[in-house]
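Shown next, in structure tokens, is the structure this report addresses.
There are 2 protein chains.
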Amino acid sequence: MKGTLFTPLPPDLPEELFDTLAAAGDVRIERIVSRGHASPGDFWYDLDRHEFVLLVRGRAGIAIEGRAETVVLAPGDYLIIEAHVRHRVEWTDPKNDTIWLAVHYSAETGGE
Amino acid sequence: MKGTLFTPLPPDLPEELFDTLAAAGDVRIERIVSRGHASPGDFWYDLDRHEFVLLVRGRAGIAIEGRAETVVLAPGDYLIIEAHVRHRVEWTDPKNDTIWLAVHYSAETGGE
Chain A
0 MKGTLFTPLP PDLPEELFDT LAAAGDVRIE RIVSRGHASP GDFWYDLDRH
50 EFVLLVRGRA GIAIEGRAET VVLAPGDYLI IEAHVRHRVE WTDPKNDTIW
100 LAVHYSAETG GE
Chain B
0 MKGTLFTPLP PDLPEELFDT LAAAGDVRIE RIVSRGHASP GDFWYDLDRH
50 EFVLLVRGRA GIAIEGRAET VVLAPGDYLI IEAHVRHRVE WTDPKNDTIW
100 LAVHYSAETG GE
């Protein structure tokens, strides 16, 4: 099955857009679209699975708990976030849509 | 861990380049770089796992056994190839590097 990450997007995007593209067993592959969105200031993602996230278009800053510096991602950059490493989206490009590919995969059988 | 799909590449690339970026359990995430490469004419990939492949840069044509038309992929296009669906890379951009992100994931617990 063929698809594209660059489908036309609605003019208004009050919330980030999450689309599951494929899923099997412990794996889920999703597209995320952010339009200047960021995580709420007091919010941390704390996920049960590892996450591999590729920034395809746009720009973003990810904060990781315990690290002083925000990780800045440009197109082609990826980040591997191990299960239960708390993180948040500090900012995304305010002018252009930021498009991500995220792969969530099981931690049960051991990490990278 | 942060990385980029756009690392500098060697001037000569006699074979396609495969780099594992992350792996856990039944999942492997890899970067593939093709420089005009294609599968040999009599070769078919026949994989035990599902494959999600995203074309990040460049252009390519994928043949799928039993389908008359080659699937043409441009940046942002993805293809989900179920386990044991035989396929081959018909062609890749002869002038520019084609960069892929491939996710191999288990078919044992059922497909999408």
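Chains as they are written, first to last, in numbering that gives the first Met the number 0: chain A, 0 to 111; chain B, 0 to 111. C-beta: ideal position from N, C-alpha, C; glycine also. This structure is a prediction, so every number in the text was calculated from the model and none was measured.
inquiry  = Taking the straight line between their C-alpha atoms, what separation do you get for A:Gly109 and B:Gly24?
reply    = Low confidence applies here, because A:Gly109 scores a pLDDT of 42, under 50, leaving its location unreliable; read the following figure in that light. If you take the alpha carbons of A:Gly109 and B:Gly24, they lie about 7 Å apart.
ask   = So what does DSSP say about B:Ser33, is it helix, strand or coil?
value = strand
Within-8 Å CB hit, B:Leu4 to chain A = yes
ask   = Secondary structure at A:Lys94, three-state DSSP: helix, strand or coil?
value = coil
ask   = DSSP state of A:Trp43, grouped into three classes?
value = coil
request  = For A:Leu12, I'd like the list of residues in its chain whose CB is within less than 6 Å of its CB, leaving aside the five on either flank, ordered along the chain.
outcome  = Arg34
request  = Take A:Glu111 and list the residues in its own chain whose beta-carbon comes closer than 6 Å to its own, dropping the five residues that flank it on each side.
outcome  = Caution applies to A:Glu111, whose pLDDT of 41 falls short of 50 and renders its modelled position unreliable; the model cannot decide the point.
ask   = Under a three-way DSSP split, which group does A:Asp25 fall into?
value = coil
request  = Report yes or no: is there a C-beta of chain A within less than 8 Å of the C-beta of B:Ser33?
outcome  = no
query = How many angstroms separate the CA atom of B:Thr6 from the CA atom of A:Pro74?
reply = 12 Å
inquiry  = Can you tell me whether A:His83 is helix, strand or coil according to DSSP?
reply    = coil
inquiry  = For A:Val88 and A:Ala37, I'd like the C-alpha separation in whole angstroms.
reply    = 5 Å
task = Kindly indicate which three-state DSSP category A:Thr3 falls into: helix, strand or coil?
result = strand
In DSSP terms, what A:Ser56 is bridged to = For the sequence presented, residue 56 of chain A should be read as Arg rather than Ser. According to DSSP, A:Arg56 bridges with A:Ile98.
ask   = What's the call for A:Phe42, buried or exposed, on a 16-neighbour Cβ count within 10 Å?
value = exposed
query = Taking Cβ positions only, does A:Leu8 come closer than 8 Å to chain B?
reply = no
query = Under a CB-based cut-off of 8 Å, is A:Thr108 close to chain B?
reply = With a pLDDT of 49 at A:Thr108, under the threshold of 50, the modelled position of this residue cannot be trusted, and the question is left open.
request  = Measuring alpha carbon to alpha carbon, tell me which of B:Leu46, B:Tyr44 and B:Arg58 ends up nearest B:Thr97.
outcome  = B:Arg58
request  = Hey, could you find the ends of the beta strand (DSSP E) A:Leu72 is sitting in?
outcome  = Val70 to Leu72
task = Tell me whether the beta-carbon of B:Ile80 lies closer than 8 Å to the beta-carbon of B:Val52.
result = yes
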